[in-house]
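Novice: Take the sequence shown: its position 337, counting from 1, is numbered 337 in UniProt numbering, and each next residue is one higher.
Even for Gly, the Cβ is constructed at its ideal location relative to N, Cα and C.
Predicted model only: the values in this text are computed from it and were never measured.
Sending over a structure as structure tokens; questions will come in a sec.
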Amino acid sequence: MASISMDEVQKAFGKVIAVDHLNLDIQDGEFFTFLGPSGCGKTTTLRMIAGFYYPTKGVVRFGEKDMTRVPPEKRNTGMVFQNYALFPHMTVFENVAFGLRVRKVSKAELKERVRDVLQKVRLDPYAERQVSQLSGGQQQRVALARALVIEPEILLLDEPLSNLDAKLRDEMRSEILRLQKEYNITTIYVTHDQAEALSMSDRIAVFNVGVCHQIGTPSDIYNEPANDFVARFIGDINLWPVTIQHVQQDFLLVHIQNGEDITELTVKNTTLPDEGDQEKKLALSIRPESITVSSQERDGVNMIKGTIEEVHFFGSTIHLVVRDGELTYKVNTLNNGGATSFQVGSDAWIELPSEQMRVIPIVSGD
Ligand code: ATP
Numbered sequence: 001m002a003s004i005s006m007d008e009v010q011k012a013f014g015k016v017i018a019v020d021h022l023n024l025d026i027q028d029g030e031f032f033t034f035l036g037p038s039g040c041g042k043t044t045t046l047r048m049i050a051g052f053y054y055p056t057k058g059v060v061r062f063g064e065k066d067m068t069r070v071p072p073e074k075r076n077t078g079m080v081f082q083n084y085a086l087f088p089h090m091t092v093f094e095n096v097a098f099g100l101r102v103r104k105v106s107k108a109e110l111k112e113r114v115r116d117v118l119q120k121v122r123l124d125p126y127a128e129r130q131v132s133q134l135s136g137g138q139q140q141r142v143a144l145a146r147a148l149v150i151e152p153e154i155l156l157l158d159e160p161l162s163n164l165d166a167k168l169r170d171e172m173r174s175e176i177l178r179l180q181k182e183y184n185i186t187t188i189y190v191t192h193d194q195a196e197a198l199s200m201s202d203r204i205a206v207f208n209v210g211v212c213h214q215i216g217t218p219s220d221i222y223n224e225p226a227n228d229f230v231a232r233f234i235g236d237i238n239l240w241p242v243t244i245q246h247v248q249q250d251f252l253l254v255h256i257q258n259g260e261d262i263t264e265l266t267v268k269n270t271t272l273p274d275e276g277d278q279e280k281k282l283a284l285s286i287r288p289e290s291i292t293v294s295s296q297e298r299d300g301v302n303m304i305k306g307t308i309e310e311v312h313f314f315g316s317t318i319h320l321v322v323r324d325g326e327l328t329y330k331v332n333t334l335n336n337g338g339a340t341s342f343q344v345g346s347d348a349w350i351e352l353p354s355e356q357m358r359v360i361p362i363v364s365g366d
């Protein structure tokens, strides 16, 4: 079984608690991503799964088996490091064969397995090249081949694309997904790049300062962020401190402060935070693409008249900043191909659809 579970795991380095109270269940064959800013504990968690670090507290299991203190060579995990950690003066073949030689695999089998994996990563014509003579993308493929050749049950990838340029990164994303499906291998992918996480993963765990804030599918994390940290870290968002005035069966009536005034909005009542979270300060959140905008006057619930303060043209989309008093709204709208009627200084009517807004707890200090 290549499922992985972590139960109340903590890792301390002296006084630094790198990871705390971590509970994770990763399914067999899943593509699971650890996402978060630098220093949040992603690599430390990956290393506890690889066995390079043992947890200070808690239990790590593969299937039912307790792996908490099992050394790395007895774990059947393959790892790709951020800097690839290849032997630059050895050939591609020898780099990939290394793990098999350590495992004393027979010569004939070794040759077959290395050839087979090199074919899968499309490097067979380069088998006899020295690694130092390869491009960054090719070196990345060697690192993947080296991890896969030992036929691990679990593939661990630590920011594998961060040293590649944007075009190669796109190519390698597809390549990694193809290989993951072909080998049907439980994969954990570490990144600080939210677009990478959203586009590749079955599920994502979002970390900040040693704490896992949310685990969910890309659409859960994007559409239903657990708190203001997740909402901000994943894409662009409008967030305002909010108070709940009335709770009705279907709707919440909420207030956001607009200078001396109050802006009153109606929010669909599926988004009321859990009881424990209601003690915390709350924010109202809505994605810029969920706000609709028109340069024509219109009426309706949650309709606000503002003035366009900024217009940014991105080709397929147009990003606006609309001001109403002290409040500004980020609004992204599709470019319909015609001349845009959105000009700085002109009036705009924006609508905040009640079912697109969420009331979420504020966990960030600021
Ligand atoms: P990055 O994206 O920068 O690699 P990360 O999310 O992977 O960051 P970790 O490398 O897991 O973060 O580090 C988490 C915290 O633990 C940081 O505060 C880091 O300084 C600390 N830390 C990590 N490894 C050690 C170590 N060997 N000794 C002491 N502190 C460490």
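Taking all protein chains shown into account, do 16 or more other C-beta atoms lie within 10 angstroms of the C-beta of T307, making it buried, or fewer, making it exposed?
Specialist: By one-based count along the sequence shown, residue 307 stands at place 307. Exposed is the call here.
Novice: Can you tell which of E264, R287, F251, I256 has the C-alpha that lies nearest to the C-alpha of T270?
Specialist: Position 270 of the sequence shown, counted from the first residue, corresponds to residue 270. Minimum Cα distance to T270 is reached at F251.
Novice: If I measure Cβ to Cβ from V242 and keep anything under 8 angstroms in the same chain, skipping five residues before and after, which residues do I get?
Specialist: Taking the first residue of the sequence shown as 1, we reach residue 242 at position 242. Cβ within range, chain order: V254, H255, I256, L282, A283, L284, V359.
Novice: Identify the residues that DSSP records as bridge partners of M172: which are they?
Specialist: Position 172 of the sequence shown holds residue 172. Partner(s): none; M172 has no beta bridge.
Novice: Pick helix, strand or coil for S132, following the three-state DSSP scheme.
Specialist: By one-based count along the sequence shown, residue 132 stands at place 132. In this structure, S132 counts as helix in the three-state DSSP scheme.
Novice: Does at least one heavy atom of ligand 1 sit under 6 angstroms from the Cβ of C40?
Specialist: As a working note, residue 40 is residue 40 in the sequence shown. Yes, the beta carbon of C40 sits closer than 6 angstroms to at least one heavy atom of ligand 1.
Novice: Can you list, in chain order, the residues of its chain with a C-beta nearer than 8 angstroms to that of L110? Leave out the 5 residues immediately preceding and following it.
Specialist: Here residue 110 is taken as the residue at index 110 of the sequence shown, counted from 1. Once the five neighbours on either side are set aside, the close Cβ partners of L110 are A97, L100, R101.
Novice: So, helix, strand or coil for S294, using DSSP?
Specialist: Within the sequence shown, the letter at position 294 stands for residue 294. Strand.
Novice: Apart from the five residues on each side of it in sequence, which residues of its chain come closer than 6 angstroms, Cβ to Cβ, to L327?
Specialist: Against the sequence shown, residue 327 aligns to sequence position 327. Apart from sequence neighbours up to five positions away, the residues of its chain that approach L327 with a beta-carbon distance below 6 angstroms are N258, ordered along the chain.
Novice: Which residue wins for smallest C-alpha separation from F233, given the options V117, P218, P152, V247?
Specialist: For this step, residue 233 is matched to residue 233 along the sequence shown. When only C-alpha atoms are compared, the closest one is P218.
Novice: How would you label T317, buried or exposed, when you count the other beta carbons within 10 angstroms and need 16 or more for buried?
Specialist: Taking the sequence shown and counting its residues from 1, one reaches residue 317 at position 317. With fewer than 16 Cβ atoms within 10 Å of its Cβ, T317 is classed as exposed.
Novice: In chain order, what residues of the same chain have a beta carbon less than 8 angstroms from the beta carbon of V105, not counting five sequence neighbours either side?
Specialist: Here residue 105 corresponds to residue number 105 of the sequence shown, with the count starting at 1. Closer than 8 angstroms at the Cβ level, and outside the excluded window around V105, lie R113.
Novice: With DSSP as the reference, label I318 as helix, strand or coil.
Specialist: Here residue 318 corresponds to residue number 318 of the sequence shown, with the count starting at 1. Strand at I318.
Novice: Taking L118 as the reference, give the member of P55, I176, V142 with the closest Cα.
Specialist: Residue numbering aside, residue 118 sits at position 118 when the sequence shown is read from its first letter. The shortest Cα separation from L118 among P55, I176, V142 belongs to V142.
Novice: Any chance the segment 53 to 69 sits against the segment 118 to 128, with 3 or more Cβ pairs inside 8 angstroms?
Specialist: Between the segment 53 to 69 and the segment 118 to 128 there are fewer than three inter-stretch CB-CB distances shorter than 8 angstroms, so the stretches are not counted as touching.
Novice: Could you tell me which of L177, G137, S174, I150 sits nearest to L164, measuring between CA atoms?
Specialist: Along the sequence shown, read from residue 1 onward, the residue named residue 164 stands at position 164. Ranking L177, G137, S174, I150 by Cα distance to L164 puts G137 first.
Novice: Using 10 angstroms around the beta-carbon of S201, count the other beta-carbons present and answer buried if the total reaches 16, otherwise exposed.
Specialist: In the sequence shown, counting from the first residue as 1, residue 201 sits at position 201. Looking at its Cβ environment, which holds 16 or more other Cβ atoms inside 10 Å, S201 is buried.
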